Amino acid sequence: MKNLGLFGILLFFSLFVSTRIVSVSCLNSDGLTLLSLRKHFDKVPPELTSTWKTNASEATPCNWFGIICDDSKKVTSLNFTGSEVSGQLGPEIRELKSLEILDMSSNNFSGFISSSLGNCSSLVYIDLSGNGFSGKIPDTLGSLKSLADLYLYNNFFTGELPKSYKLEILYLHKNKLVGSLPASLNLLENLTDLFVANNSLRGTVRFGSTKCRNLVTLDLSYNQFEGGVPPELGSCSSLDALVIVKSNLSGTIPSSLGMLKNLTVLNLSENRLSESIPAEIGDCTNLNTLKLNDNQLGGRIPSALGKLPLEIAELKNLKIVTLFNNSFNGVISPGLGLNSNLEIVDFIGNKFTGEIPPNLCHRKMLTVFNLGSNRLHGKIPTSVGQCKTLSRFILRENNLSGPLPEFSQNHDLSFPDFNSNNFEGPIPRSLGSCRNLTTIILSRNKLTGQIPQELGNLQHLSHLNLGFNLLHGTVPSKFSNWK
Ligand SMILES: *[C@@H]1O[C@H](CO)[C@@H](O)[C@H](O)[C@H]1NC(C)=O
Ligand SMILES: *[C@@H]1O[C@H](CO)[C@@H](O)[C@H](O)[C@H]1NC(C)=O
Ligand SMILES: *[C@@H]1O[C@H](CO)[C@@H](O)[C@H](O)[C@H]1NC(C)=O
Ligand SMILES: *[C@@H]1O[C@H](CO)[C@@H](O)[C@H](O)[C@H]1NC(C)=O
Ligand SMILES: *[C@@H]1O[C@H](CO)[C@@H](O)[C@H](O)[C@H]1NC(C)=O
Ligand SMILES: *[C@@H]1O[C@H](CO)[C@@H](O)[C@H](O)[C@H]1NC(C)=O
Ligand SMILES: *[C@@H]1O[C@H](CO)[C@@H](O)[C@H](O)[C@H]1NC(C)=O
Ligand SMILES: *[C@@H]1O[C@H](CO)[C@@H](O)[C@H](O)[C@H]1NC(C)=O
Ligand SMILES: *[C@@H]1O[C@H](CO)[C@@H](O)[C@H](O)[C@H]1NC(C)=O
Ligand SMILES: *[C@@H]1O[C@H](CO)[C@@H](O)[C@H](O)[C@H]1NC(C)=O
Ligand SMILES: *[C@@H]1O[C@H](CO)[C@@H](O)[C@H](O)[C@H]1NC(C)=O
Ligand SMILES: *[C@@H]1O[C@H](CO)[C@@H](O)[C@H](O)[C@H]1NC(C)=O
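All letters in the sequence shown, in the order written, are residues -19 to -1, 1 to 464 by mature numbering (1 follows the signal peptide of the UniProt record, and there is no 0).
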């Protein structure tokens, strides 16, 4: 009896122990790997806490929060974007051999990316953007043969750009990367998108080759390069957006950019580019946005060459042209606006001469009409007053004369500024019908007559400057309405 009792107890223990072992070991290896990764997380959402654990009736992690498996119950996707998870990405990730998608974007991860991520040989897509990752981007990611999309932007990565990848999409903006753009980027024949803005990259931009034919978007803004825009970019024939803002670029705009028939956005503002805009830009027939503001264009050359090429006025898709803060001179083509639906024309701070081009609002889409601080003379074309889409209308600091136009009822107009010209005649009463006006600046002209009573109806007007004119009479009684 005694022996039997002992046997019973032993039997009980061995059964108990073996069921424990069974309940743990029945979770497959990917599940166990996830539990090891879990140990590196500090804060996790309740959905993760309640599912990432051993459960006697589950042999796979396939129903766990953020997990997708294939038919053989291997983890193919680990995705908990935007789930407020903090902690580290542990080296155990290397065991997930079937992992294709890793999306941990917009969480609060920190620390280094383990080089063992390069062992997840099935990875196609990695998105670790919007975290606090730091350290170098591991070179081992270069051995991932299927990796197509790599999103690491908005972290604190340091060191140089990765050298050998076979990527389609590379987003590295908003980090602390240094060094120059590696020449190896030119070998990525399948690259469609390259974003490296807001880093501390230096050196000359050597980019563009016969291999860049698939490149659609290139954004190198906010770095500190040397030298100019590489002419080789002209071979990137699919390029849709070329954006290199505030990156210390000097020299001229290469005429080869005219070969970019699919280019819709050219944004090279806030650099030190000089000389003229090449006439070939007129061959970029899809161009819709041309931003070259804050450069030295039009300067450092005989003034005859500092003009805006007539070809710009021929572009049929052009909507936005910002050329402010340059040294352009000469007459602005009177045809500008005839051929496309212009929305924004901002040329303030140049040396343009001649008269106001009469057709800017021809297609009735113009919202910003800014030709301030130039050397324009003559009258305001009367048609401009009929431009009902205008919101900002700025002609300050020119040598314009004649009467101000009558304004049709325009509820978008908020900001007319005609300061420092030679305008004559009365303040148009019709301004009083533009009921969203917030600011009116008519100072330093030769305006005469009385201040129209109608201006007193403008409920949103907070700034009215009529100083240094030849106005007389009393201030309208309704001005007390103003804030
Ligand atoms: C264990 O998994 C089963 C099946 O997925 C589920 O119904 C059950 O709620 C889980 N148990 C615990 C304690 O999470
Ligand atoms: C990750 O999941 C979110 C929804 O939770 C989804 O919008 C996103 O597309 C997924 N990421 C990938 C790469 O599939
Ligand atoms: C993110 O993690 C850091 C520590 O790594 C912590 O100080 C911070 O509060 C966390 N932020 C959020 C929004 O959880
Ligand atoms: C991980 O990759 C390294 C080289 O990148 C290799 O030496 C190592 O054997 C790999 N480990 C596993 C478990 O695949
Ligand atoms: C580009 O894509 C093709 C087709 O998917 C592939 O055969 C080739 O190896 C890729 N090239 C590079 C450099 O990634
Ligand atoms: C990039 O840097 C510029 C200049 O420092 C800054 O104005 C801009 O907000 C930054 N952009 C992003 C997305 O951080
Ligand atoms: C800007 O570019 C010039 C020449 O292209 C170079 O000499 C200078 O060092 C650059 N400035 C910075 C801050 O990198
Ligand atoms: C230009 O864009 C069109 C339409 O999106 C496309 O069919 C064509 O292939 C593109 N051309 C190049 C050279 O990428
Ligand atoms: C450049 O211009 C494009 C088109 O207007 C705009 O979307 C983008 O934000 C600009 N880039 C910078 C860095 O200002
Ligand atoms: C033109 O440049 C000057 C000096 O850099 C700056 O103060 C001014 O705001 C710029 N004007 C515009 C319209 O950006
Ligand atoms: C401005 O125009 C007037 C004629 O309207 C002319 O007499 C004057 O010389 C011009 N001033 C400048 C600086 O061009
Ligand atoms: C102008 O004012 C009207 C109401 O008076 C308002 O509905 C509209 O949104 C305003 N438009 C703008 C551009 O502010």
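Where a beta carbon is used, it is the ideal one built from N, C-alpha and C, also for glycine. Only a predicted model underlies this, so the values are computations on that prediction, with no experimental measurement involved.
For residue 253, the enclosing beta strand (DSSP E) has its first and last residue at 253 to 256. At a cut-off of 7 Å, the beta-carbon of residue 183 counts as near ligand 7: some heavy atom of the ligand is closer than that.
Three or more Cβ pairs drawn from the segment 218 to 230 and the segment 190 to 200 lie within less than 8 Å of each other, which places the two stretches in contact.
Contact check for residue 83 against residue 122 fails: the beta carbons are separated by 8 Å or more. With the criterion CB distance below 6 Å from any heavy atom of ligand 6, the matching residues run 155, 179, 203 along the chain.
Ranked by how close their Cα comes to the Cα of residue 412, the residues 450, 372, 403 have 372 in first place. In chain order, the residues with a C-beta atom nearer than 7 Å to some heavy atom of ligand 5 are 147, 168, 169, 170, 171.
Per DSSP, the unbroken alpha helix (DSSP H) holding residue 29 starts and ends at 27 to 32. Residue 183 carries a coil assignment under DSSP once its states are collapsed to helix, strand and coil.
Leaving aside the five residues that flank residue 300 on each side, the residues in its chain whose CB is nearer than 8 Å to its CB run, in chain order, 269, 270, 321, 322, 323, 324, 325, 346.
Straight through space, the alpha carbons of residue 307 and residue 432 are spaced by roughly 36 Å. Judged by beta-carbon spacing, residue 395 lies beyond the 8 Å limit of residue 367, meaning their Cβ atoms are not closer than that value. Judged by the Cβ position, residue 157 fails to qualify as a neighbour of ligand 9 at the 7 Å threshold, every heavy atom of the ligand being at least this far. Apart from the 5 residues on each side of it in sequence, residue 40 sits with its Cβ closer than 7 Å to the Cβ of 7, 8, 9 in its chain, given in chain order.
In this structure, the alpha-carbon of residue 60 lies about 6 Å from that of residue 85.
Boundaries of the beta strand (DSSP E) harbouring residue 381: 380 to 384, taken from the DSSP string. Between residue 375 and residue 401, the alpha-carbon positions lie close to 11 Å from each other. Here the alpha carbons of residue 179 and residue 220 stand approximately 21 Å from one another.
If you look at residue 12, you'll find it in the alpha helix (DSSP H) that goes 10 to 19. With a contact defined as Cβ atoms closer than 8 Å, residue 417 and residue 392 qualify at about 5 Å. The C-alpha of residue 267 lies about 11 Å from the C-alpha of residue 295. For residue 373, the three-state secondary structure derived from DSSP is strand. Per the DSSP secondary-structure output, residue 152 pairs in a beta bridge with 132, 176.
Taking C-beta separations shorter than 7 Å and ignoring five residues to either side along the sequence, the partners of residue 51 in its chain run 57, 79, following chain order. Excluding residues up to 5 positions away in sequence, 41, 42 lie with their Cβ nearer than 7 Å to the Cβ of residue 12 in the same chain. Remark: the C-beta of residue 208 is in contact range of ligand 7, defined as less than 7 Å to any heavy atom.
When distances are taken from the beta-carbon of residue 270 to the heavy atoms of ligand 9, the shortest one is below 7 Å. The C-beta separation of residue 261 from residue 236 comes to about 4 Å, placing the pair in contact by the 8 Å criterion. Here the alpha carbons of residue 457 and residue 381 stand approximately 28 Å from one another. Look at residue 40 here: in three-state DSSP terms it is coil, with no helix or strand label. Short of 8 Å from the beta carbon of residue 242, and not among the five residues preceding or following it, lie these beta carbons of its own chain, in chain order: 218, 264, 265, 266, 267. With a beta-carbon spacing of about 17 Å, residue 135 and residue 117 fall beyond the 8 Å limit used to define contacts. Measuring C-alpha to C-alpha distances from residue 23 to each of 32, 88, 73 identifies 88 as the nearest. For the options 280, 313, 282, the alpha carbon positioned closest to that of residue 290 is the one of 313. Runs of the beta strand (DSSP E) spanning 3 or more residues and lying entirely within the segment 408 to 446 occur at 420 to 422, 427 to 430, 444 to 446, in chain order. Set against 7 Å, the gap from the CB of residue 91 to the closest heavy atom of ligand 7 is not smaller.
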